[in-house]
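As you go down the protein sequences, you meet chains A and B in turn. FYI, in my numbering the residues of the first sequence are 1 to 781. FYI, in my numbering the residues of the second sequence are 1 to 220. Worksheet: the structure to be examined is printed underneath.
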Amino acid sequence: RTVSHGSSGRLRGLFLVMVLVFLESSVFTLAFASSDQHSPTTAHSDGHKATDHGSHNNTGKAFPVLDLNYENVRVPFEISLWVLLASLMKLGFHLVPHLSNIVPESCLLIVVGLLVGGIIRGTGETVPPVLDSKLFFYILLPPIILDAGYFLPIRPFMENLGTILIFAVVGTLWNAFFVGGLLYGVCQIGTESSSILSRIGLLQCLLFGSIISAVDPVAVLAVFEEIHINELLHILVFGESLLNDAVTVVLYHLFEEFSGIGTVTLVKGFLGVISFFVVALGGVLVGVLYGILAAFTSRFTSHTRVIEPLFVFLYSYMAYLSAEIFHLSGIMALIACGAVMRPYVEANISHKSHTTIKYFLKMWSSVSETLIFIFLGVATVAGPHDWNWTFVTVTVILCLVARVIGVVGLTFIINKFRIVKLTTKDQFIIAYGGLRGAIAFSLGFLLEKDHFPEREIFLTAIITVIFFTVFVQGMTIKPLVELLAVKKKQEAKRSINEEIHTQFLDHLLTGIEDICGHYGHHHWKDKLNRFNKKYVKKCLIAGERSKEPQLIAFYHKMEMKQAIQLVESGGGIKLPSAMPSTVSMQNIQPRPPTKPAAERAIPQLSKTKEEEIRKILRTNLQRTRQRLRSYNRHTLVADPYEDGLSDLFLKKQKMFQIEKKMNTYLTVPAPPPDSPTMCRARLASDPQAYSIKPALNKVPMIQVDLASPQSPDSVNLLDEFGQANQQEEEEQGLMMKPPSRPREGKKPGEEDEAKDQQKLMRCLSDPGPSADEDEDGAFLP
Amino acid sequence: MGASQTRLEHNYDDLTEKSGFSHEQIKNLYQRFQQLSGNNEKISRDDLERIPALNNNPIRKQIITAFFDKRNQHQNDVGSLDEIGFEQFLMVMSHFRPVNSKATEEEKATVRKQKLRFLFNMHDTDNDGIITLDEYRTVVEELLSQSGAIETEVARAIADAAMLEVASTNVPHMAPDDFYEGITFEHFEQILKGIEMESRMHIRFLDKNAATMRCGKLSS
Numbered sequence: 001r002t003v004s005h006g007s008s009g010r011l012r013g014l015f016l017v018m019v020l021v022f023l024e025s026s027v028f029t030l031a032f033a034s035s036d037q038h039s040p041t042t043a044h045s046d047g048h049k050a051t052d053h054g055s056h057n058n059t060g061k062a063f064p065v066l067d068l069n070y071e072n073v074r075v076p077f078e079i080s081l082w083v084l085l086a087s088l089m090k091l092g093f094h095l096v097p098h099l100s101n102i103v104p105e106s107c108l109l110i111v112v113g114l115l116v117g118g119i120i121r122g123t124g125e126t127v128p129p130v131l132d133s134k135l136f137f138y139i140l141l142p143p144i145i146l147d148a149g150y151f152l153p154i155r156p157f158m159e160n161l162g163t164i165l166i167f168a169v170v171g172t173l174w175n176a177f178f179v180g181g182l183l184y185g186v187c188q189i190g191t192e193s194s195s196i197l198s199r200i201g202l203l204q205c206l207l208f209g210s211i212i213s214a215v216d217p218v219a220v221l222a223v224f225e226e227i228h229i230n231e232l233l234h235i236l237v238f239g240e241s242l243l244n245d246a247v248t249v250v251l252y253h254l255f256e257e258f259s260g261i262g263t264v265t266l267v268k269g270f271l272g273v274i275s276f277f278v279v280a281l282g283g284v285l286v287g288v289l290y291g292i293l294a295a296f297t298s299r300f301t302s303h304t305r306v307i308e309p310l311f312v313f314l315y316s317y318m319a320y321l322s323a324e325i326f327h328l329s330g331i332m333a334l335i336a337c338g339a340v341m342r343p344y345v346e347a348n349i350s351h352k353s354h355t356t357i358k359y360f361l362k363m364w365s366s367v368s369e370t371l372i373f374i375f376l377g378v379a380t381v382a383g384p385h386d387w388n389w390t391f392v393t394v395t396v397i398l399c400l401v402a403r404v405i406g407v408v409g410l411t412f413i414i415n416k417f418r419i420v421k422l423t424t425k426d427q428f429i430i431a432y433g434g435l436r437g438a439i440a441f442s443l444g445f446l447l448e449k450d451h452f453p454e455r456e457i458f459l460t461a462i463i464t465v466i467f468f469t470v471f472v473q474g475m476t477i478k479p480l481v482e483l484l485a486v487k488k489k490q491e492a493k494r495s496i497n498e499e500i501h502t503q504f505l506d507h508l509l510t511g512i513e514d515i516c517g518h519y520g521h522h523h524w525k526d527k528l529n530r531f532n533k534k535y536v537k538k539c540l541i542a543g544e545r546s547k548e549p550q551l552i553a554f555y556h557k558m559e560m561k562q563a564i565q566l567v568e569s570g571g572g573i574k575l576p577s578a579m580p581s582t583v584s585m586q587n588i589q590p591r592p593p594t595k596p597a598a599e600r601a602i603p604q605l606s607k608t609k610e611e612e613i614r615k616i617l618r619t620n621l622q623r624t625r626q627r628l629r630s631y632n633r634h635t636l637v638a639d640p641y642e643d644g645l646s647d648l649f650l651k652k653q654k655m656f657q658i659e660k661k662m663n664t665y666l667t668v669p670a671p672p673p674d675s676p677t678m679c680r681a682r683l684a685s686d687p688q689a690y691s692i693k694p695a696l697n698k699v700p701m702i703q704v705d706l707a708s709p710q711s712p713d714s715v716n717l718l719d720e721f722g723q724a725n726q727q728e729e730e731e732q733g734l735m736m737k738p739p740s741r742p743r744e745g746k747k748p749g750e751e752d753e754a755k756d757q758q759k760l761m762r763c764l765s766d767p768g769p770s771a772d773e774d775e776d777g778a779f780l781p
Numbered sequence: 001m002g003a004s005q006t007r008l009e010h011n012y013d014d015l016t017e018k019s020g021f022s023h024e025q026i027k028n029l030y031q032r033f034q035q036l037s038g039n040n041e042k043i044s045r046d047d048l049e050r051i052p053a054l055n056n057n058p059i060r061k062q063i064i065t066a067f068f069d070k071r072n073q074h075q076n077d078v079g080s081l082d083e084i085g086f087e088q089f090l091m092v093m094s095h096f097r098p099v100n101s102k103a104t105e106e107e108k109a110t111v112r113k114q115k116l117r118f119l120f121n122m123h124d125t126d127n128d129g130i131i132t133l134d135e136y137r138t139v140v141e142e143l144l145s146q147s148g149a150i151e152t153e154v155a156r157a158i159a160d161a162a163m164l165e166v167a168s169t170n171v172p173h174m175a176p177d178d179f180y181e182g183i184t185f186e187h188f189e190q191i192l193k194g195i196e197m198e199s200r201m202h203i204r205f206l207d208k209n210a211a212t213m214r215c216g217k218l219s220s
């Protein structure tokens, strides 16, 4: 044990050394490369042409066996190097023990960025301006937002939409004006008239306020992901960070224009308000349009499954870019697109595409986030900076104060309309979770130097606020959450009972509202659902799935998940962990009704007699079964998992089933002994199962399950004409299976697919993520 | 009409105490009651079935039955009524009042139990204290009844699976001979503890503090 531990420790150390060496070398390459950045591009092409000419002229020169040509690959090389650096950093953190528990990843990444920047500067080179606004807004930000939007939990989001909107809109406005206004006041009053601060106009201050006031989704995601607070708080802060983009965009453009022109009129202010609605609703509209397009396209992709994920990504990105064309809120477009297209696309695409989309989104958003934080660190070192003590400290304090006052004040108003009130603890977490991030920095970076001579002061202040919120608030929020005993996220999976009752409750409440004659919340939700079911689903979902009610879809999903889990757990020997339970369907059957003796057709048997009969039948049937098994070997569908263990369980299972039959049959006139074939046929199947396959009963079909709790196989002793059966199965989707197996939570339906087992094995070559079940919850509201 | 009005006013305090609604709310609900009953003293099942908006509701039968179920009257009675008066109407409605946010944990637990009891009674149609497999199957079938032609096997499979889950959670170790008769009230509470009933099972307009409260007209 100690040896391996030592060797793994050594390996880790080796890996870290490798990372550091790589870091150094990459930094030097980048520094070297950046020094060439300043030479105009024409020189490159000239140089290239010159070498061409040169090579033509000097045909006598020796043919270069090994040549160095860095210029051609410079840009892709640099990009790849940065991404590789980011990913290695991410790896490295998790290898160092305990570090990821204390410090959130975002802090570590910023520190790495600082280091890299410092090293570059230390070597005398100028630090490349990596956090270019274009790069940020068009390449780095969209994956994170798309990931958030696609996996947005719709139900809690919609339930709290009012609260989220109030925080996002009113809260951000309040923050912007409070910070901007007070900052202007401080600048004017607190300093001498000749200092640089007093030259900052009100509009510039307000612009600065609007930049700094927006809660940043990237930072919030990065920090909140690690603290696992309850769903309500998560969705409130996160939703706010997403929706305040519209406000930020409007305020930013408004103040930018105003400070450029210099005059503010009431009409312009009014137009500003209107433009807010245009920006927000327009963004959402663009997103919804593209979402519907994507859903519609996915309807036809059944023959080209490989490119299905591509449609999702392309349409979403187009939505973002299209919104940006018109200065609408790109973030809201992206969220709307992802949220709208998801239920329909998921009904249409294959399971593999679904996994692909999920993984690609997670991968890109993860890399983006890492890069953003590293670049923040590098950009901090790059500067240019103008540190002004007053400005910076006042900004930080004002931001905090504004946030707290804003949250408390708004909650007071909001609680009047909420049923589930927000407690003080909740308010504290919401206020404390208002982190600022890279969006603020990029917006500040976008400011033009000629219009805003105080740009550097702004940038410095923005960076300080970002550092403060990410480091101080980010690091302390986890212990605070523990200290305040804030409710954590419930890890429990959504069970089918909860699903049934959620739906039941919805219908019940809608009904009560109708009886009251009150057109409330549930009434409209119900109307929307019915509209969705009747018209929208038919258009956007291919084939039969359009008619599938939500409960059944949920059930299928759950079965699929369990089948996957079973296969992953080895499909044989190991017990799937869930809840060890020996309850089986046969326990659930209602107790046979005890009729009064007079009504019975046969006299009631005493308990001992019953036991005897049972024993006799058991032994006889065992013998028949043994005969059966030898018969089976020839017509058996190939079953690679069969082994001695499953034989034992098979026998046990058969016994249980027979006993169950006994219990019901003993109180009812026993049916005449049938022909052996019918006897065999009835062995494993529930009487009800027969109704499914009326036409195919020409050949006796025995469904024998290898009912070990581990084995997922059910052996279908089908005749050779198996295809007809298969077809029917596919049509129905769910087959009634012989119940009872001493296996908990396993839906009796899924193991029927023994022949599908092979298919299943091939399909499920990628391990589905077992940890995050949450986003796969019911996505239809 | 006049006589019943004055009688009602005398009873306001009594009703407020029993149901927990305010005078204002009781007045509104009384108006609605009058509409539904056609100004009669009592509402029959037909009156409720005539509400057009309920037609699309898959579980309308159960909802209507719940109004006429004596068990929901807080009086430890069983059986069902043919007609209900205003007081009984109010008692059923009181199940859907949101819980007061200032209530203590104990009070919240009581309210929660009450609401769960209402749900339980809706499922347990033969009033034997347990929800048997058949009753549960009926519930699922009713839920899916509006969704077009669903094979009963699918509904049964879902109900079976759900039942199995309840049994597994609550009584994990059962010998093959044991029978799990049905979901008792305790088990019911257990499996639904993930859903916060006290905050989810309510109609907003029945909130005492609701800013607006008006019953709609019965559109015929």
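Note that beta-carbon positions come from the ideal geometry of N, C-alpha and C, so glycine has one too.
- Ranking B:L119, B:N127 and B:N28 by CA distance to the CA of A:I500 puts B:L119 first.
- In this structure, A:C187 lies away from A:F471, with their beta-carbon atoms at least 8 Å apart.
- Against chain A, the CB of B:V154 has a partner CB under 8 Å away; the residue lies at that interface.
- Closer than 8 Å to the CB of B:V111 there is not a single CB belonging to chain A.
- Residues P98 and V99 of the same chain have their beta carbon placed closer than 8 Å to that of B:S199, with the five preceding and five following residues left out of the count.
- For the beta strand (DSSP E) assignment, the stretch 292-345 of chain A encloses no uninterrupted run of at least 3 residues.
- Shortest Cα-Cα distance from A:I189 to any of A:M363, A:V394 and A:Y535 involves A:V394.
- The beta carbon of A:A379 is closer than 6 Å to those of L131 in its chain, skipping five residues each way along the sequence.
- Runs of the alpha helix (DSSP H) lying entirely within the stretch 103-175 of chain B and spanning at least 4 residues, in chain order: 105-123, 133-143 and 152-170.
- Sorting A:P453, A:F296, A:F167 and A:A86 by C-alpha distance to the C-alpha of A:L236 places A:F167 at the top.
- Less than 8 Å divides the Cβ of A:I110 from the Cβ of A:G377.
- Cα atoms of A:F296 and A:S350: separation of roughly 15 Å, rounded to the nearest angstrom.
- Per DSSP, B:E24 is one residue of the alpha helix (DSSP H) stretching across H23 to S37.
- In the three-state reduction of the DSSP assignment, A:D514 falls in the helix class, which pools H, G and I.
- Taking C-beta atoms under 8 Å as the contact rule, A:N415 and B:I191 fail to qualify, at a distance of about 31 Å.
- The alpha-carbon separation between A:Q473 and A:I466 amounts to approximately 10 Å.
- For B:N56, the C-beta contacts it makes with chain A under 7 Å involve R530, in order along the chain.
- Interface criterion met: the Cβ of A:L509 is under 8 Å from a Cβ in chain B.
- For the stretch 315-342 of chain A, the set of residues with a beta-carbon nearer than 9 Å to any beta-carbon of chain B is empty.
- Taking CB atoms only, B:S199 has a neighbour in chain A less than 8 Å away.
- Counting along the chain, A:R74 sits inside the alpha helix (DSSP H) bounded by residues R74 to L95.
- Listed along chain A, the residues sitting closer than 8 Å to B:L144 by beta-carbon distance are P549, L551 and I552.
- A:K268 carries a helical assignment under DSSP once its states are collapsed to helix, strand and coil.
- For a cut-off of 8 Å, the C-beta gap from A:I144 to A:E369 is around 6 Å, short enough to register as a contact.
- With respect to A:G291, A:G330 sits apart: the two C-beta atoms are not nearer than 8 Å.
- The residue among A:G181, A:V396, A:V306 and A:G239 with its C-alpha nearest the C-alpha of A:N160 is A:G239.
- For a cut-off of 8 Å, the C-beta gap from A:L566 to A:Q503 is around 27 Å, too long to register as a contact.
- Contact between A:W174 and A:G406 holds, since their C-beta atoms are separated by about 5 Å, short of 8 Å.
- Interface annotation, B:A161: in contact with chain A, CB-CB separation under 8 Å.
- Contact between A:T248 and A:S210 holds, since their C-beta atoms are separated by about 6 Å, short of 8 Å.
- Taking a beta-carbon distance threshold of 8 Å, A:L505 counts as an interface residue toward chain B.
- Per DSSP, B:M201 is not a residue of any alpha helix (DSSP H), being assigned neither H nor E.
- Chain B has no Cβ within less than 8 Å of the Cβ of A:D426.
- For B:H187, there are no C-beta contacts with chain A under 7 Å, since the nearest C-beta of that chain is about 10 Å from it.
- A straight-line Cα-Cα distance of about 44 Å links A:I154 and B:N40.
- Measuring C-alpha to C-alpha distances from A:L410 to each of A:T390, A:I397 and A:A431 identifies A:A431 as the nearest.
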